[in-house]
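Number of protein chains: 2
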Amino acid sequence: MSRSDWKPQREGNVPVYRQIADHIKEKIASGQWPVGSRLPSQRVLARDFGVNRSSVVTALEELAAEGILEGRVGSGTRVVNDTWSLLPSLPPDWSSMVDAGIHSPNLSMIRKINEEEFTPRMIRLGTGELSPEWYPRESMGRVLQRVSRKIVSLGYEEPKGLLPLRQEISRYLASIGITAAPSSILVVSGALQALQLISLGLLEKGSTILLEKPSYLFSIRVFQSAGMKLTGFPFRREGLRMDRVRHARASLYYTIPSFHNPTGALMSEERRRELLASCERERLPLIEDDVYRELSLDGPVPPPLKARDSKGTVLYLGSLSKVLAPGLRIGWVVGPEPVIDRLADIKMQTDYGSSTLSQWVAAEWLAEGSYRAHVERVRKELRKRRADADRILRKYWGDWADWELPAGGFYIWVRFRKPLPLHRLFEQALRRGVLLNPGSLYDPGDRSHLRLSYAYAPRREWERGVRIVADLLRDFF
Amino acid sequence: MSRSDWKPQREGNVPVYRQIADHIKEKIASGQWPVGSRLPSQRVLARDFGVNRSSVVTALEELAAEGILEGRVGSGTRVVNDTWSLLPSLPPDWSSMVDAGIHSPNLSMIRKINEEEFTPRMIRLGTGELSPEWYPRESMGRVLQRVSRKIVSLGYEEPKGLLPLRQEISRYLASIGITAAPSSILVVSGALQALQLISLGLLEKGSTILLEKPSYLFSIRVFQSAGMKLTGFPFRREGLRMDRVRHARASLYYTIPSFHNPTGALMSEERRRELLASCERERLPLIEDDVYRELSLDGPVPPPLKARDSKGTVLYLGSLSKVLAPGLRIGWVVGPEPVIDRLADIKMQTDYGSSTLSQWVAAEWLAEGSYRAHVERVRKELRKRRADADRILRKYWGDWADWELPAGGFYIWVRFRKPLPLHRLFEQALRRGVLLNPGSLYDPGDRSHLRLSYAYAPRREWERGVRIVADLLRDFF
Ligand SMILES: Cc1ncc(COP(=O)(O)O)c(C=O)c1O
Ligand SMILES: Cc1ncc(COP(=O)(O)O)c(C=O)c1O
């Protein structure tokens, strides 16, 4: 159960513990905490209510005395009764349903990260997102104004998405060498949703997906939840070798050729050619996840693999999340029309299309010049941050770790000179207010990397975070 | 493959058929129509390109002569080669992948409807959506302006959705008798997505879902695609009887108590009490899909079942789609916190949350008074439309069909006095430019109903549509 925004009142003449007991009763009476569910720990309740732990303890004891709660050492406090109901009966067995569902839960560390990101003052050293400081508030204001004049209704949209947006995406793709008519483009709610649709729409249960190791794909559950297997090949700067691939009998090859998550690597032009040629030879479909393409910091990026794809081998993914704003939830998939048709049909079945409002805003951004200007500004800022990060790391972690600076994107893949208990490091850092992304999220066997991102936290915070972690690291070395 | 927006140029000196042939070559060369894929029919290509069929035939013949296309009577034209590539090789076997995916395709009639809705000048007699004329353009303009001042960044959001929106939803729910803290609420991209999350998150494969027959749920594939079974009980005005339910060993009960889709029925207060009590007794979780609640046309609606739910038996669904704008893609699920936590986790895994922009706009609408004013205006218009529809139906279909006017919502469930070949009627009407929603979409065995909606098409169009269908009906009676 998560953070509540209720707080007891200090001024009135009802004692705080009494207010807490009443609040919990109401949670139970309204079915929000049904009989059988477990309460958050005393520590968490005290934090959320903003009170001393002793007030929580008093309230819980009172409710236990009334027969409403039951506490057991080790397993926490449970709701056992709702005495005010006349016909005492049990609620549905939600907890076994929650466990029974088809889709696997997120990795517990990812769940923790998702939650802790919203703890105030947390220093986020690994967050894969642009700093909120760079949000282009004024341009967005102008875009919203223009868009509100253009929109004459916000109905359910065409299966593939708003046509004006698909036309703009088609034009943008042409600028990076990809020929794709609007009918070969599906608008999605971020590139993540594209992966989900591919998983549900194109693969049989038990299919194998090849990928680089480490990879972003190991940190999410989309494919595994649908019963797919991930087979990773060690990532060598240049991607992975096809000779070892042939034996894996895979259904799909997933790659992030530009500013790889988490390593930051940029695949060379030759390697791209080779990879595409091999996949063509093997008739192996390829997902090219290119969401970081625009964030090059040291000059031009080789053309996408998709630009050379004359056979329809590549499904190409793009997104506005990493350059403009993840909160728009706008991305795209590009591929052979029959495949796009199939994915569009499943998209209609899962959410009837992405927010039309977001789609209009995205179209307007792509259409007008200020998008280019925004990208340039972001790149400039990222270049500064990358240099700062390098300096800071050398100063505090230089004795224990190595890294290469990436040519673009957000990430530095820091390698410690010996294996570390990453989970422990994560927990300790969290207690000191620093959120880390351990390498094990991106490669289950990893014990010696952290994914840092220089994009999110402001320079000072970043330095403070690195210093705090240095204090912890000292004990491990 | 769907509508293209490319058109040949009339002015130049390249003949039209030549332009078409070149365009098709480019589609193939860029992998958009890979080797092995099937072209749209000559009729459809001619329509999409805006040319005579003879120009299409000439172009296809030329490409066949070049060995690029191959036509076979009955099975259409296929891409067989891309002669310009040096190493001729086959693309991935997409067509078998498209067939292999886990998620079932939409019902073909639904796919057809999704597509034809965007054919210009189509008269949509059954569309479950407010008329675009009623889109509150000015209020939305003001909301967007206010919102653009409030938004200071558009990052990834908390798993359960934007807190200010959840607070507004919590306040709105209180106004209809439901107690739910923001932590018991999950924001979703429309109520449809809530169903998808429940299907992936709470049910084992092979679970049975009980529902009214007919029901909206039969027209979508969310549960079936995840391997669930739907068991419908005939719908009698008042919902369905619990005695017959006990034997079905179901995992979930799905109901639309207010202005049911497709029948328009409103469940009485007594029946609601009974239903909830029975589900509590059976410990059977209940989904209350209440997306039409605000659209009452004849006075107050009984409180939601959720308002009486002290055990946490009910998952409650709401949405802004039917009252404000489906294009916002904003809805909500309310339930016991551990269940909401689980659904939020899966939501993060599928799309990292709904559009933050849409969430801000939704919060602003709910917070300010103009939402109420908008709802009142919509109700007034719907009342007029309902009366018009009744008059028009009596005039044109009175000899062949019966119906009851609903007390709210959009739908009239028209029953013909004898069974009809609904699929044929659908096809014939479509050819005359009228889109229908046959009863078989909502109950696979139905042969005598149409779901009409008085909400979408303007009065004149509606009348024209009904008249056109009357001409067709005459032949069946
Ligand atoms: C490689 C990669 N692909 C896809 C995504 C998903 O981005 P979105 O769904 O916001 O477009 C991310 C975000 O972390 C990513 O790193
Ligand atoms: C009963 C019912 N539930 C849910 C939905 C889905 O609405 P949305 O996803 O737009 O909120 C509809 C729309 O047709 C409906 O009729």
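Read top to bottom, the protein sequences are chains U and Y. Counting in my numbering, the first sequence runs from 1 upward without gaps. Counting in my numbering, the second sequence runs from 1001 upward without gaps. We put the CB at the ideal spot given by N, CA and C, even for glycine. None of these values were measured; they are calculated from a predicted model.
If you reduce the DSSP assignment to three classes, tell me which class U:HIS374 lands in. Here residue 374 of chain U is taken as the residue at index 374 of the first sequence, counted from 1. It is helical.
Per DSSP, the bridge partner or partners of Y:LEU1473: The residue you call residue 1473 of chain Y lines up with position 473 of the second sequence. Paired residue(s): none; Y:LEU1473 is not in a bridge.
Confirm the yes/no value for this check: CB of U:ILE346, any heavy atom of ligand 2, distance under 8 Å. Start at 1 with the first residue of the first sequence, and residue 346 of chain U comes out as number 346. Not so, every heavy atom of ligand 2 lies at least 8 Å from the Cβ.
Under the DSSP definition of a beta bridge, which residues are partnered with U:GLY101? As a working mapping, residue 101 of chain U is identified with position 101 in the first sequence. DSSP, once it has assigned bridges, lists no residue as partnering U:GLY101.
Through-space distance from U:LEU202 to Y:ASP1099, alpha-carbon basis: As a position in the second sequence, residue 1099 of chain Y is number 99, starting the count at 1. As a position in the first sequence, residue 202 of chain U is number 202, starting the count at 1. So the two alpha carbons sit approximately 7 Å from each other.
Using the Cα positions of U:GLY177 and U:LEU192, report the straight-line distance between them to the nearest angstrom. Against the first sequence, residue 177 of chain U aligns to sequence position 177. Against the first sequence, residue 192 of chain U aligns to sequence position 192. C-alpha separation (whole angstroms): 23 Å.
In this structure, does DSSP put U:ASN437 in helix, strand or coil? Here residue 437 of chain U corresponds to residue number 437 of the first sequence, with the count starting at 1. It is a strand residue.
Using 8 Å as the cut-off, can you tell me whether the region 1168-1188 of chain Y makes contact with the region 1393-1409 of chain Y, which would need three or more C-beta pairs spanning the two stretches below that distance? no
May I have the straight-line CA-CA distance separating U:ALA277 from U:ILE169, to the nearest angstrom? Residue 277 of chain U sits at position 277 when you count from the first residue of the first sequence. Residue 169 of chain U sits at position 169 when you count from the first residue of the first sequence. Going from the Cα of U:ALA277 to the Cα of U:ILE169 covers about 26 Å.
Beta-carbon gap between U:GLU295 and U:ALA194 smaller than 9 Å: Sequence index remark: in the first sequence, residue 295 of chain U carries index 295 (1-based). Sequence index remark: in the first sequence, residue 194 of chain U carries index 194 (1-based). Strictly speaking, residue 295 of chain U in this sequence is Leu, with Glu absent from that position. Not a contact, by the Cβ cut-off of 9 Å.
Considering only their Cβ atoms, is the gap separating Y:VAL1375 from Y:VAL1147 smaller than 9 Å? Your numbering for residue 1147 of chain Y matches position 147 in the second sequence. Your numbering for residue 1375 of chain Y matches position 375 in the second sequence. It is not a contact, given that the beta carbons lie outside the stated cut-off.
Going by DSSP in three states, U:PRO338 sits in which element: helix, strand or coil? The residue labelled residue 338 of chain U in the question sits at position 338 within the first sequence. Three-state DSSP puts U:PRO338 in a helix.
Within 9 Å, strictly: CB atoms of U:ALA46 and U:SER55: For the purposes of this step, residue 46 of chain U is taken as residue 46 along the first sequence, with counting starting at 1. For the purposes of this step, residue 55 of chain U is taken as residue 55 along the first sequence, with counting starting at 1. Yes, they are a contact pair.
By DSSP, does Y:ASP1289 sit in helix, in strand, or in coil? Position 289 of the second sequence, counted from the start, is the residue given in the question as residue 1289 of chain Y. Note: Y:ASP1289 maps to strand in three-state DSSP.
For the beta strand (DSSP E) that Y:ARG1072 lies in, which residues bound it at each end? Indexing the second sequence from 1 puts residue 1072 of chain Y at position 72. Start and end: 1069-1072.
Run down chain C in chain order and give the residues with a C-beta less than 9 Å from the C-beta of U:VAL80. The structure shown has no chain C; the protein chains it does contain are U and Y.
Can you tell me where the alpha helix (DSSP H) with Y:LEU1211 in it begins and where it stops? For the purposes of this step, residue 1211 of chain Y is identified with residue 211 of the second sequence, where counting begins at 1. First-last for Y:LEU1211: 1208-1213, but that is the beta strand (DSSP E), not the alpha helix (DSSP H).
Quick check on DSSP: helix, strand or coil for U:SER448? As a position in the first sequence, residue 448 of chain U is number 448, starting the count at 1. Reduced to three states, the DSSP call for U:SER448 is coil.
Output, in sequence order along the chain, the residues in the region 296-316 of chain U whose CB is closer than 9 Å to any CB in chain Y. LYS306, ASP309, SER310, LYS311, GLY312, THR313, VAL314
Ligand 1 and Y:ASP1351: does any heavy atom of the ligand fall closer than 8 Å to the residue's C-beta? In the second sequence, the residue the question calls residue 1351 of chain Y occupies position 351. The answer is yes for Y:ASP1351.
Quick one: residues in its chain with C-beta nearer than 8 Å to the C-beta of U:ALA248, no 5 flanking neighbours on either side, listed in chain order? Within the first sequence, residue 248 of chain U is the residue found at index 248, counting from 1. Closer than 8 Å at the Cβ level, and outside the excluded window around U:ALA248, lie THR208, LEU210, THR231.
Along chain Y, in chain order, which residues have C-beta atoms closer than 7 Å to that of U:LEU284? To locate residue 284 of chain U, count along the first sequence from 1; it is residue 284. In chain order: PRO1092.
Give me the residue from Y:GLY1312, Y:GLY1433, Y:TYR1456 with the minimum Cα distance to Y:PRO1120. Along the second sequence, read from residue 1 onward, the residue named residue 1120 of chain Y stands at position 120. For Y:PRO1120, the nearest C-alpha among the options comes from Y:GLY1433.
Contact under 9 Å by Cβ, U:PHE49 with U:ILE20: The residue you call residue 49 of chain U lines up with position 49 of the first sequence. The residue you call residue 20 of chain U lines up with position 20 of the first sequence. Yes, the pair counts as a contact, with Cβ atoms nearer than the cut-off.
Of the residues Y:ILE1102, Y:ARG1072, Y:GLU1133, the one placed nearest Y:GLU1381, counting alpha carbons only: Taking the first residue of the second sequence as position 1, residue 1381 of chain Y is located at position 381. It is Y:GLU1133 whose Cα lies nearest to the Cα of Y:GLU1381.
What is the rounded straight-line gap between the Cα of Y:PRO1421 and the Cα of Y:HIS1449? Start at 1 with the first residue of the second sequence, and residue 1421 of chain Y comes out as number 421. Start at 1 with the first residue of the second sequence, and residue 1449 of chain Y comes out as number 449. About 11 Å.
Interface residues of chain Y facing U:GLN196 [CB-CB closer than 9 Å]: Your numbering for residue 196 of chain U matches position 196 in the first sequence. Going along chain Y in sequence order, the residues near U:GLN196 (Cβ under 9 Å) are GLN1349, THR1350, ASP1351.
In angstroms, rounded to a whole number, what distance separates the CA positions of Y:TRP1332 and Y:THR1077? If you number the second sequence from 1, residue 1332 of chain Y lands on position 332. If you number the second sequence from 1, residue 1077 of chain Y lands on position 77. Roughly 46 Å between the two C-alpha positions.
Ignore the nearest five residues each way along the sequence and tell me which others in Y:LYS1322's own chain have a CB closer than 6 Å to its CB. For the purposes of this step, residue 1322 of chain Y is identified with residue 322 of the second sequence, where counting begins at 1. Correct list, in chain order: VAL1291, TYR1292.
Neighbouring residues, chain U, relative to Y:ASP1345 (Cβ below 7 Å): Here residue 1345 of chain Y corresponds to residue number 345 of the second sequence, with the count starting at 1. Under the 7 Å cutoff, chain U gives PRO105, ASN106, ARG111.
Taking the straight line between their C-alpha atoms, what separation do you get for Y:ARG1451 and Y:GLY1264? The residue given as residue 1451 of chain Y occupies position 451 in the second sequence. The residue given as residue 1264 of chain Y occupies position 264 in the second sequence. Rounded to whole angstroms, Y:ARG1451 to Y:GLY1264 spans 9 Å at the Cα level.
Does any residue of chain Y bring its CB to less than 9 Å from the CB of U:VAL187? For this step, residue 187 of chain U is matched to residue 187 along the first sequence. Not one chain Y Cβ lies under 9 Å of U:VAL187.
Does DSSP put Y:TRP1332 in a helix, in a strand, or in coil? Start at 1 with the first residue of the second sequence, and residue 1332 of chain Y comes out as number 332. It is a strand residue.
Can you give me the start and stop residues for the alpha helix (DSSP H) that Y:ARG1121 sits inside? Within the second sequence, numbered from 1, the residue matching residue 1121 of chain Y stands at position 121. No alpha helix (DSSP H) contains Y:ARG1121, which DSSP labels as neither H nor E.
So which residues on chain Y does U:LEU200 lean against when the C-beta distance must stay under 9 Å? Here residue 200 of chain U refers to the residue found at position 200 when the first sequence is read from its first residue. Those within 9 Å of U:LEU200 in chain Y are GLY1101, ILE1102, HIS1103, SER1225.
Between U:ASP480 and chain Y, is the shortest Cβ-Cβ distance under 9 Å, so that the two count as touching? Outside the shown range of chain U, which is 1 to 477, sits residue 480 of chain U, and nothing can be said about it.
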